[in-house]
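Keeping their order, the protein sequence lines are chains A and B. So the first sequence is numbered by our numbering: it starts at 1 and just counts up by one. So the second sequence is numbered by our numbering: it starts at 154 and just counts up by one. Using N, Cα and C, we set each Cβ at its ideal position, and we do this for glycine too. Below: the structure, in structure tokens.
Number of protein chains: 2
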Amino acid sequence: MKKFKYYWEDFPVGAVRDFGGKTLSRDDIVRFGREYDPQPFHVDEEAAKRSVFGGLIASGWQTCALAMRMMCDAYLLDAASAGSPGVENIRWILPVHPGDTLRVRLTVLEARVLQSKPHIGLVRNKWEMFNQKDEQVMHMEGYGMFLRRDAPG
Amino acid sequence: MKKFKYYWEDFPVGAVRDFGGKTLSRDDIVRFGREYDPQPFHVDEEAAKRSVFGGLIASGWQTCALAMRMMCDAYLLDAASAGSPGVENIRWILPVHPGDTLRVRLTVLEARVLQSKPHIGLVRNKWEMFNQKDEQVMHMEGYGMFLRRDAPG
């Protein structure tokens, strides 16, 4: 069985990881918007100027997906991940504009072994996403499941 | 100012809307995975077979984004939307596989006018997503803001 770099034991309560630094271009925003969230302020520059946002902004689902990608690149692809049952309390605090560079600070809030599956541990993380001006643009709390390092393989 | 078909008044507590019927193909799943969530079980058929899921499944973020798209097509593009402050309690209950056809039942849980912006109303919706076997694959609760029909324009 493949050996991973990270297991449940590597996500203790209080652990903090900073990662990211990806920039969303105008094209990235419009392309995602056309496929998944074609509201005018996500796909049409001129209509966006006339909207409540005053200009083109990224779909909130795209900023969530980008945070996911940054977590994959930072450590998740090297981790014994068993997926996620869900996410809580997503808050899209400030709009994300074309050219914004985003980073994530992830803090482990809770870590426990699953009673029903003792070879798997659950982690609850706080996600804080910031732009290049260090303004917080998003908050969420997500669950992740990981195999335990000493689980029978 | 553009006149819309739907305003805040069109989303009273208890209102139910059923919509959707989109199918996620293998290509849709892999393409989203490569861009936003490249875990093996979202991008690599063979690796997915060896994973805890036993086969390729869609990223949970893609199922959320697809629900968003189905809401856009059902009514949001005809509504005086003022965006969303967030979403709560996302639960990815069952995996979504290639070829699954998904639909959404949306129920209004709460509707109130914003004290700070009395021309805007807030709606809290329960989202239930089902596959073609009528199994529930996702649950979430989302907020939406809409202009009031009689707001000064």
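- Interface annotation, P251(B): not in contact with chain A, CB-CB separation never under 7 Å.
- In the DSSP assignment, G60(A) falls within the alpha helix (DSSP H) that extends over 60 to 74.
- Here L114(A) is near L122(A), since their CB atoms are less than 7 Å apart.
- Ranked by how close their Cα comes to the Cα of V183(B), the residues V249(B), E162(B), G297(B), W280(B) have V249(B) in first place.
- Chain B has no Cβ within less than 7 Å of the Cβ of N131(A).
- At a Cβ-Cβ threshold of 7 Å, A47(A) and P38(A) do not count as neighbours.
- Under a criterion of Cβ atoms nearer than 8 Å, the residues of chain B adjacent to D37(A) are, in order, A218, M221, R222, C225.
- Under DSSP, the beta-bridge partners assigned to S81(A) are F146(A).
- Taking C-beta atoms as the reference points, L219(B) and P251(B) fail to come closer than 7 Å.
- When Cβ-Cβ separations below 7 Å define contact, E241(B) makes contact with chain A.
- Taking all protein chains shown into account, T63(A) has 16 or more neighbouring C-beta atoms within 10 Å of its C-beta and is therefore buried.
- Note that the C-beta distance between V240(B) and G173(B) is not below 7 Å.
- Taken atom to atom, the span from the alpha-carbon of A233(B) to that of M298(B) is near 9 Å.
- G99(A) carries a coil assignment under DSSP once its states are collapsed to helix, strand and coil.
- Counting other Cβ atoms within 10 Å of its Cβ, G213(B) reaches 16 or more and is therefore classed as buried.
- Of K158(B), E162(B), F157(B), K156(B), the smallest CA-CA separation from A264(B) is found for E162(B).
- Under a 10 Å Cβ-count criterion, R222(B) is classified as buried, with 16 or more other Cβ atoms of the shown protein chains found around its own Cβ.
- About 13 Å separates the beta carbon of Y6(A) from that of D73(A), a gap too long to meet the 8 Å contact definition.
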